[in-house]
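Colleague:
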Amino acid sequence: MKRWVYLFSEGSKEQRDLLGGKGANLAEMTKLGLPVPTGFTVTTEACLHYLNNGNVLTDDMKDQVMASVMQLEEKTGKSFGDFKNPLLVSVRSGSKFSMPGMMDTVLNLGLNDETVESLVRNSENERFAYDCYRRLLQMFGDVVMGIDNSKFESRITQLKQSEGLNFDNELTANHWKRIVSEYKQLYRENLDRDFPQDPVEQLYLAIEAVFGSWNNNRAKTYRRLHDISDDLGTAVNIQEMVFGNFGETSGTGVVFSRNPSNGEPGLFGEYLINAQGEDVVAGVRTPKSIQVLAEDMPEQFEQLDTICKNLEKHYKDMQDVEFTIERGKLFILQTRSGKRTSKAQLAIILDLFKEGIIDEETLVQRIEAKDLEAALHPSFDVKALKNRVHFLSGLAASPGAAVGAAYFTAEAATEAKDRGERVILVREETSPEDIEGIAVAEAVVTSRGGMTSHAAVVARGMGICSVVGCEALTVVDGENRGTVGEETIEEGTILSVDGTAGKIYFGEIPMEEVANTVALDDLHEIWDRHATIKVRANAETPNDIETAMALGAVGIGLARTEHMFFEKTRLLQFRRLILADTLQERQEVLKELKEVQKQDFKFMYQAGAGKSENVRLLDPPLHEFLPKTTEECREVAKALGKTLNEVKRKSDNLSETNPMLGFRGLRLGVAYPEIYQMQGEAIIEAAYEVMAEQGFEIKPEIMIPFTIDATEFATVRHSIEEAVQKVMAEKQLPLDYQIGTMIEIPRACFVADEIAKHADFFSFGTNDLTQMVLGLSRDDSPRIVTQYLDAGIFQDDPFQVIDEAGVGAMIKIAIENGRKTNPNLKIGICGEAAAHPKSIEFLSTLPIDYISCSPFRIPQAKMKLAQVRVEETIK
Ligand code: PEP
Ligand code: MG
63 MKRWVYLFSE
73 GSKEQRDLLG
83 GKGANLAEMT
93 KLGLPVPTGF
103 TVTTEACLHY
113 LNNGNVLTDD
123 MKDQVMASVM
133 QLEEKTGKSF
143 GDFKNPLLVS
153 VRSGSKFSMP
163 GMMDTVLNLG
173 LNDETVESLV
183 RNSENERFAY
193 DCYRRLLQMF
203 GDVVMGIDNS
213 KFESRITQLK
223 QSEGLNFDNE
233 LTANHWKRIV
243 SEYKQLYREN
253 LDRDFPQDPV
263 EQLYLAIEAV
273 FGSWNNNRAK
283 TYRRLHDISD
293 DLGTAVNIQE
303 MVFGNFGETS
313 GTGVVFSRNP
323 SNGEPGLFGE
333 YLINAQGEDV
343 VAGVRTPKSI
353 QVLAEDMPEQ
363 FEQLDTICKN
373 LEKHYKDMQD
383 VEFTIERGKL
393 FILQTRSGKR
403 TSKAQLAIIL
413 DLFKEGIIDE
423 ETLVQRIEAK
433 DLEAALHPSF
443 DVKALKNRVH
453 FLSGLAASPG
463 AAVGAAYFTA
473 EAATEAKDRG
483 ERVILVREET
493 SPEDIEGIAV
503 AEAVVTSRGG
513 MTSHAAVVAR
523 GMGICSVVGC
533 EALTVVDGEN
543 RGTVGEETIE
553 EGTILSVDGT
563 AGKIYFGEIP
573 MEEVANTVAL
583 DDLHEIWDRH
593 ATIKVRANAE
603 TPNDIETAMA
613 LGAVGIGLAR
623 TEHMFFEKTR
633 LLQFRRLILA
643 DTLQERQEVL
653 KELKEVQKQD
663 FKFMYQAGAG
673 KSENVRLLDP
683 PLHEFLPKTT
693 EECREVAKAL
703 GKTLNEVKRK
713 SDNLSETNPM
723 LGFRGLRLGV
733 AYPEIYQMQG
743 EAIIEAAYEV
753 MAEQGFEIKP
763 EIMIPFTIDA
773 TEFATVRHSI
783 EEAVQKVMAE
793 KQLPLDYQIG
803 TMIEIPRACF
813 VADEIAKHAD
823 FFSFGTNDLT
833 QMVLGLSRDD
843 SPRIVTQYLD
853 AGIFQDDPFQ
863 VIDEAGVGAM
873 IKIAIENGRK
883 TNPNLKIGIC
893 GEAAAHPKSI
903 EFLSTLPIDY
913 ISCSPFRIPQ
923 AKMKLAQVRV
933 EETIK
C-alpha cells in the first residue's frame, strides 16, 4: 500500500520533495530531540494524487491520517473530540520551496461547542478558550469554506465600536462568546450549513483546503515570479497545538539566527506576549524586539538562542525559526533557511565560513549572481541626502534606495508600471494578494507591521527596497492617498525611499553609483584561489579603471582607444586626423594627439598601479566619428579652417555602406601606418614616465584590431616596432612589451597558425566574430534575434551568450592553430558575451588565460569561474 502519511519521527531533512520543506525540517528537528510539538505530514504525493484525480481524499489516505491521529492521541494523552482532554491541532501547508503566506493554515482545529468548554476548564481561562474557538471559526470559514475574511473581521470591528473599545485584547470572554455565535450565524447565512462540529470532518476538510490552496491565484503568481514548478504540490503538516495566547507567561515569535537585513550575527526578530502565530505575521499588534525577551524570560531566551545556534550549525545556514512559549515552556514550530537581503547573504556566507560552519567550496557555490548584483546597487548620493529632511520614517525592512511615484493599490501600481512609470507601492499593510504590485514596485512602504510582516519578508526576499510600520502614515483603503500629519501623499506623488535607513522623502534624490566592495575584498581572495582563468576589465577611463580594480580585475584586457575621443574637443582633433588631406597635415595632428594620448595612457597606468594593461590601437567605425548633418559639417569646417565643401566631399568619400565591415582597425593601420606608430610611441613613452614616477613595473600590451592575415599583421607590427624601438633606444632602459592581435574575423581563425608566428597574444573579439560567423549585423540584429528567440530557433541571444556551435568552434580552431606555432601564445576573450555565466561554462573548457569584461560584470564572472572549477573538483 502506498504511504501517504509520515510521522515527524519517521522523516528527515533530505525528504523535502515528499514531505515539503516544513515537514522535512519538523521531522529533522524531532530527530535532533528539539522541543517540537508532535505531529505528522501528509505527503506532496497525496496532494498531487488528490489534485489529479477529481479532488478526492481516497479511503487509503483517510485511513492513514486516522492511524496517525491515533498515534498523536497516544503520545499526547489527548484525543479528538474528547470532552476531558481534547486534542487540538494546527493544519499547515508546506511545499518543497518556502512560499511565505501563499497557502493556507488552520489553527485550533478540534474545537467545537463541547471541547471549547473543556479548554475553558483546563486553562481556567474562558476568554482564552473562546478566543481560540472564534479563531478556528474564522480561519476555517475563510480558508476551508471560502467565506470572505473581511466578513469575520467586520464583526469584531462592529463589536469594538459598539463597546467603545480600540484593541482586540480589550475584548472579554463574553465578547468572544458573542463573536462565536455571530460567526456561526455567518456560516448559516453564507453556506446554508453549520460549522462542522466533528473534528474528523474538520480535519479532512482542512487537508483538502490546503491541497486546493496549491492552485490558488496568489500561490500560482508566487511560483511564476520565483520560478517554482507547478508540479510539486504541497504537503500538509498536522501538529499538536501549543498556545502562545495562554496568558502572560505565554507568547509567540519569529526569529532569525542572524540579522536578515545586514547579516550581523545574533538573534534578530520579534515576539508577542499572549498571542498566536498569525498575530506576529499579520502585523495586527506591533511586536517587541526579541532582545526584550532576554529580560522578560531570560531562561527561554537562552534556550532559544542555543537552539538557533545549533540549528544553524546543523543546517549550515542562517535559520528563520518560529517559536511559541506555552506557560513558560518553549516549543519550536518551524525552522527553515531564512530569507535575507543579498547584502546580508554575502556577509552571512563569509561569517559562516570564518566560523567554520561551512567550507570554502560551499561558500563559493552558495553565492548567487543576484546577491552580487544587489551588493553593487546604488544608494542615495550622500551629499544630496545631507540637505534633505525626511517627512516619514519606519522600520528599515529591506535596504536599498528607490525613487518613484506613489500608488496605493497593486492594480494601480501595475498599471502605472505598464505606462512606464517607476512605482512606489504604499499600503496600510500588504497581503499575498498584493504580490503583483510588489513585484513591479521599486519600493514598498507600509504604515503597519513589523520586520517579519508580509511586506517586509516578501520585499526582502525579492530584493526590493522597503520601509514598513511607518506609524505616522495613515492610508485608508479606497481613498488612494495617504496622510502624514498635515502632509498628503497623492497618487503619483514622487517619493524617495531609503530602505537602509527607513526614511522617506518627498521628491527625487539622486543616486550614488559607487560600488559597495566591502565584502567583495574577501570574496575576491577566495575566488582567486579557485579560478584558473583570470578576469580583466574592458575599460579605458581612469574612473572605469579604478572601479574595475576595486571590483577585482587583475588588469585591463581591452582599452578601446577610439573611446578616448568621444569628448567634444577630442572629437574635433580626431576629425581633423581622419579628414586630413596630406601626410604632412596628418603628421601635424598626430603630434598633438600623441601628447593627448600619452596623458591618457599615463592615467591608465597610474589607475592600474602595475597590473597588466592591454591597449588596443584605434579601431574606429568611421560612421561614429564623421560629421553627419550640413550644420555639423559647417561647424567642423570652421573649426578646422576648411571650406564646407571640402569637409562634405571628404566625409562623403569616407562614408561606407557597411561601416562595421569597412575602414576599421588594421585597414586604417595599413593605410596610415603613422597613426599606429604614434600610438605605439605614446604607449611606450607613457610607460617609461609612469615607471619613473611611481616605481612599479609596466609591461604594456599593444593590441592590433581586426587582423585578417599574417602578412598584414607582420607588416604593421614591424612598423610599430620601429617606432617603439626608437623610443627605447633613446631611453636606454629595458622595457618588456608585447604586441598581439584581436581575433574577430573568421579568416583569422583559420590562418591563426601563421598569425601566431608574429603575435605575442590573441584576444578574441566575440562581438565582431559573432557578427561575421552568424552573418548578423551587431548593430541591427536585435529585431532578428528576438524573432529567432520567439520562434525557438535560438536558445540565447548570440551577442549575449557565446554561440558554442559556431563562434565557439571558431575560437577552438584558432586556439589550436595559434598554439601549434606559438605554444606561449597568451589567450584572452574580450567580447561582451564572454562574461555571461553560460559563456563562462563553455570558456572554462578552453585553455585560455583570461576573459575581459565591463567593470560591473567582473565579480560575477570571477564567481562563476570559481564555481565551475569547484564543481569540477567535487565531481
Ligand atoms: C569585439 O569585437 O568583440 C570587441 C571587443 O571589439 P569592439 O566591440 O570594440 O568591436
Ligand atoms: Mg571588435
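The opening residue of the sequence shown carries number 63 in the numbering used here; numbering runs sequentially from there. Where is the CB? At the ideal position from N, CA and C, for every residue including glycine.
Runs of 4 residues minimum, wholly inside the region 209 to 243: which ones carry the alpha helix (DSSP H) assignment?
Modeller: Listed in chain order, the complete alpha helix (DSSP H) runs (minimum 4 residues) inside the region 209 to 243 are 211 to 225.
Colleague: Would M804 be called buried (16 or more neighbouring beta carbons within 10 Å of its own) or exposed?
Modeller: The count along the sequence shown starts at 1 and reaches residue 804 at position 742. Buried: at least 16 other Cβ atoms inside 10 Å.
Colleague: For the ligand PEP, is there any heavy atom lying closer than 7 Å to the beta carbon of L620?
Modeller: If you number the sequence shown from 1, residue 620 lands on position 558. Yes, the beta carbon of L620 sits closer than 7 Å to at least one heavy atom of the ligand PEP.
Colleague: Identify every run of the beta strand (DSSP E) within the region 670 to 724, keeping only runs that are complete inside it and at least 3 residues long; order them along the chain.
Modeller: Fully enclosed beta strand (DSSP E) runs of 3 or longer: 674 to 678.
Colleague: L620 by DSSP, collapsed to three states: which one?
Modeller: Along the sequence shown, read from residue 1 onward, the residue named residue 620 stands at position 558. Strand.
Colleague: Distance, Cα to Cα, S816 vs E763?
Modeller: Your numbering for residue 816 matches position 754 in the sequence shown. Your numbering for residue 763 matches position 701 in the sequence shown. Residue 816 is actually Glu in this sequence, not Ser. Taking the straight line joining both Cα atoms gives about 20 Å.
Colleague: I'd like to check one pair, F442 with M573: are the Cβ atoms closer than 8 Å?
Modeller: Position 511 of the sequence shown, counted from the start, is the residue given in the question as residue 573. Position 380 of the sequence shown, counted from the start, is the residue given in the question as residue 442. It is a contact, given that the beta carbons lie within the stated cut-off.
Colleague: Could you check the C-alpha separation between N184 and N115 for me, to the nearest Å?
Modeller: Counting from 1 along the sequence shown, the entry for residue 184 is found at position 122. Counting from 1 along the sequence shown, the entry for residue 115 is found at position 53. Using only the alpha carbons, I get a separation of about 42 Å.
Colleague: Under 6 Å Cβ to Cβ from G456, same chain only, skipping five residues before and after it: list those, please.
Modeller: Here residue 456 corresponds to residue number 394 of the sequence shown, with the count starting at 1. Excluding residues within five positions, the ones whose Cβ falls inside 6 Å are V529, V530, G531, C532 and G564.
Colleague: Are the CB atoms of V616 and R638 within a distance shorter than 8 Å?
Modeller: Here residue 638 corresponds to residue number 576 of the sequence shown, with the count starting at 1. Here residue 616 corresponds to residue number 554 of the sequence shown, with the count starting at 1. Taking 8 Å as the Cβ cut-off, R638 and V616 do not qualify as a contacting pair.
Colleague: Look at the Cβ atom of E270, then the Cβ atom of L134, and state whether they are nearer than 8 Å.
Modeller: The residue you call residue 270 lines up with position 208 of the sequence shown. The residue you call residue 134 lines up with position 72 of the sequence shown. No, they are not a contact pair.
Colleague: Do you know whose CA, among V151, K888 and D121, lies nearest M63's CA?
Modeller: The residue labelled residue 63 in the question sits at position 1 within the sequence shown. Answer by Cα proximity: D121.
Colleague: Which residue wins for smallest C-alpha separation from P322, given the options F305, E697, Q381 and S558?
Modeller: Sequence index remark: in the sequence shown, residue 322 carries index 260 (1-based). Answer by Cα proximity: Q381.
Colleague: How should K479 be labelled, buried or exposed, when 16 other C-beta atoms within 10 angstroms of its C-beta is the threshold for buried?
Modeller: Here residue 479 is taken as the residue at index 417 of the sequence shown, counted from 1. Looking at its Cβ environment, which holds 16 or more other Cβ atoms inside 10 Å, K479 is buried.
Colleague: Going by DSSP, what residue range makes up the beta strand (DSSP E) through I566?
Modeller: Residue numbering aside, residue 566 sits at position 504 when the sequence shown is read from its first letter. Its beta strand (DSSP E) spans residues K565 to F568.
Colleague: Can you tell me whether T579 is helix, strand or coil according to DSSP?
Modeller: Against the sequence shown, residue 579 aligns to sequence position 517. Caution applies to T579, whose pLDDT of 47 falls short of 50 and renders its modelled position unreliable; the value that the coordinates give is listed next. Here T579 sits in coil by DSSP.
Colleague: Using 8 Å as the threshold, is the C-beta distance between A459 and G561 below it?
Modeller: Walking along the sequence shown from the start, residue 459 turns up at place 397. Walking along the sequence shown from the start, residue 561 turns up at place 499. Yes, they are a contact pair.
Colleague: Taking only heavy atoms of the ligand PEP into account, decide whether any of them is closer than 7 Å to the Cβ of T828.
Modeller: The residue you call residue 828 lines up with position 766 of the sequence shown. For the ligand PEP, at least one heavy atom lies less than 7 Å from the Cβ of T828.
Colleague: Restricting to runs no shorter than 3 residues, where is the beta strand (DSSP E) found entirely within the region 760 to 817?
Modeller: DSSP runs (the beta strand (DSSP E)) wholly in the region 760 to 817: 763 to 766 and 800 to 805.
Colleague: Can you list, in chain order, the residues of its chain with a C-beta nearer than 8 Å to that of E72? Leave out the 5 residues immediately preceding and following it.
Modeller: To locate residue 72, count along the sequence shown from 1; it is residue 10. Here the set comprises A89.
Colleague: How is I571 classed by DSSP in three states: helix, strand or coil?
Modeller: Residue 571 sits at position 509 when you count from the first residue of the sequence shown. Of the three classes helix, strand and coil, the one that applies to I571 here is coil, per DSSP.
Colleague: Can you name the start and end residues of the beta strand (DSSP E) that D382 belongs to?
Modeller: The sequence position of residue 382 within the sequence shown is 320, counting from 1. That run of the beta strand (DSSP E) goes Q381 to E388.
Colleague: Under the rule that 16 or more other beta-carbon atoms within 10 Å means buried, what is V576, buried or exposed?
Modeller: The residue labelled residue 576 in the question sits at position 514 within the sequence shown. Because V576 sits at a pLDDT of 44, beneath the cut-off of 50, its placement in the model cannot be relied upon, and the following sentence gives the value as read from the coordinates. The residue in question, V576, is exposed, as its Cβ has fewer than 16 Cβ neighbours within 10 Å.
Colleague: Which two residues bound the contiguous beta strand (DSSP E) that contains E430?
Modeller: Here residue 430 refers to the residue found at position 368 of the sequence shown. No beta strand (DSSP E) contains E430, which DSSP labels as neither H nor E.
Colleague: Let's see if you can read the secondary structure: which residues bound the alpha helix (DSSP H) around A459?
Modeller: Counting from 1 along the sequence shown, the entry for residue 459 is found at position 397. No alpha helix (DSSP H) holds A459; the beta strand (DSSP E) holding it covers L457 to S460.
Colleague: Can you tell me whether DSSP reads A108 as helix, strand or coil?
Modeller: Walking along the sequence shown from the start, residue 108 turns up at place 46. Helix at A108.
Colleague: When you compare the CB positions of L905 and I429, do they come within less than 8 Å of one another, or not?
Modeller: Residue mapping note: residue 905 aligns to position 843 of the sequence shown, counting from 1. Residue mapping note: residue 429 aligns to position 367 of the sequence shown, counting from 1. Their beta carbons are not under 8 Å apart, which means L905 does not touch I429 by this criterion.
Colleague: Just how far apart, CA to CA, sit T579 and F214?
Modeller: By one-based count along the sequence shown, residue 579 stands at place 517. By one-based count along the sequence shown, residue 214 stands at place 152. Since pLDDT at T579 reaches only 47, below the 50 mark, its modelled position is unreliable, and the value read off the structure follows with that caveat. The alpha-carbon atoms of T579 and F214 are separated by roughly 51 Å.
Colleague: Please indicate yes or no: does the CB of E806 lie closer than 7 Å to some heavy atom of the ligand FAD?
Modeller: Absent from the structure shown: the ligand FAD. Ligands present: the ligand PEP and the ligand MG.
Colleague: Grab me the residues of L633's own chain with a C-beta within less than 8 Å of its C-beta, minus the 5 sequence neighbours each way, in chain order.
Modeller: Here residue 633 refers to the residue found at position 571 when the sequence shown is read from its first residue. Cβ neighbours of L633 beyond the five flanking positions: F627 and F687.
Colleague: Whole-angstrom Cβ separation of F856 and V847, contact assumed at under 8 Å?
Modeller: As a working mapping, residue 856 is identified with position 794 in the sequence shown. As a working mapping, residue 847 is identified with position 785 in the sequence shown. Yes, F856 and V847 are in contact; Cβ-Cβ is about 7 Å, under 8 Å.
Colleague: Alpha carbon to alpha carbon, how far is I486 from E549?
Modeller: Taking the sequence shown and counting its residues from 1, one reaches residue 486 at position 424. Taking the sequence shown and counting its residues from 1, one reaches residue 549 at position 487. Rounded to the nearest angstrom, the two C-alpha atoms are 17 Å apart.
Colleague: Among A818, K926 and I618, which one has its Cα closest to the Cα of R881?
Modeller: Taking the sequence shown and counting its residues from 1, the one referred to as residue 881 is at position 819. When each option's Cα is compared against that of R881, the closest is A818.
Colleague: Thinking E743 and V677 are a contact (beta carbons under 8 Å), I'd like their distance in whole angstroms, please.
Modeller: Walking along the sequence shown from the start, residue 743 turns up at place 681. Walking along the sequence shown from the start, residue 677 turns up at place 615. About 12 Å separates the two Cβ atoms, so there is no contact after all.
Colleague: Compute every distance between the C-beta of G890 and the non-hydrogen atoms of the ligand PEP, then say whether any falls below 7 Å.
Modeller: Translated into positions along the sequence shown, residue 890 becomes position 828. Flag unset: Cβ of G890 not near the ligand PEP.
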